[in-house]
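Accompanying notes for the structure given below.
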Amino acid sequence: WFVEKKNYNLIAQLKGTDDQELQSILQNDYNDYMDFRKKKVAMQRFKTLRKALTEDEIDNVARSLTRCSFEAGEDIVLKGSESTDMYFVESGDYQICDCDIEGDFSNQKYFGELS
Numbered sequence: 057w058f059v060e061k062k063n064y065n066l067i068a069q070l071k072g073t074d075d076q077e078l079q080s081i082l083q084n085d086y087n088d089y090m091d092f093r094k095k096k097v098a099m100q101r102f103k104t105l106r107k108a109l110t111e112d113e114i115d116n117v118a119r120s121l122t123r124c125s126f127e128a129g130e131d132i133v134l135k136g137s138e139s140t141d142m143y144f145v146e147s148g149d150y151q152i153c154d155c156d157i158e159g160d161f162s163n164q165k166y167f168g169e170l171s
């Protein structure tokens with residue numbers, strides 16, 4: 057095991073912190089890292105994104121993801137509403153209902169502002 061200088065400096069700032077508190081800090085960091093890894097793996101399932109984005113860009117998108125879920129029949133975005141969100145579908149299907157567009161888009165696993 058080793059610690060990079062920047063992380064050693066962080067640890068040095070913890071002087072006087074008891075082991076239980078330090079263990080809690082490290083566990084939180086580990087949990088954050090594992091959460092990031094899960095998000096990144098999810099992002100890498102989208103072939104279009106893998107082709108279009110660099111590894112750093114995928115990392116940035118993964119860090120900004122927030123998990124959400126919806127009930128069957130629940131509206132996610134309503135026509136005319138202001139939305140700047142993009143949704144990535146991990147499981148399930150969705151429908152777009154619009155006066156001009158209607159259909160089942162189960163093959164396209166993302167939708168929203170930038171899709």
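Each residue of the sequence shown is one higher than the last, beginning at 57 in this note's numbering.
From the three backbone atoms N, C-alpha and C, an ideal C-beta is built for every residue, glycine too.
Check	Outcome
Length of the line joining the Cα atoms of D131 and Q76	45 Å
C-beta atoms of M99 and A128 nearer than 8 Å	no
Member of F144, V97, A108, F167 whose CA lies at the smallest distance from the CA of I152	F167
Inter-residue Cα distance where the pair is R101 and G136	30 Å
Reduced DSSP category for Y166 - H, G, I as helix; E, B as strand; rest coil	strand
Alpha-carbon spacing of V145 relative to Q79, whole angstroms	35 Å
Distance, D85 Cα to E60 Cα	15 Å
Candidates T104, F126, F92, of which the one nearest D115 by Cα	F92
Cβ neighbour criterion (16 or more within 10 Å) applied to K95	buried
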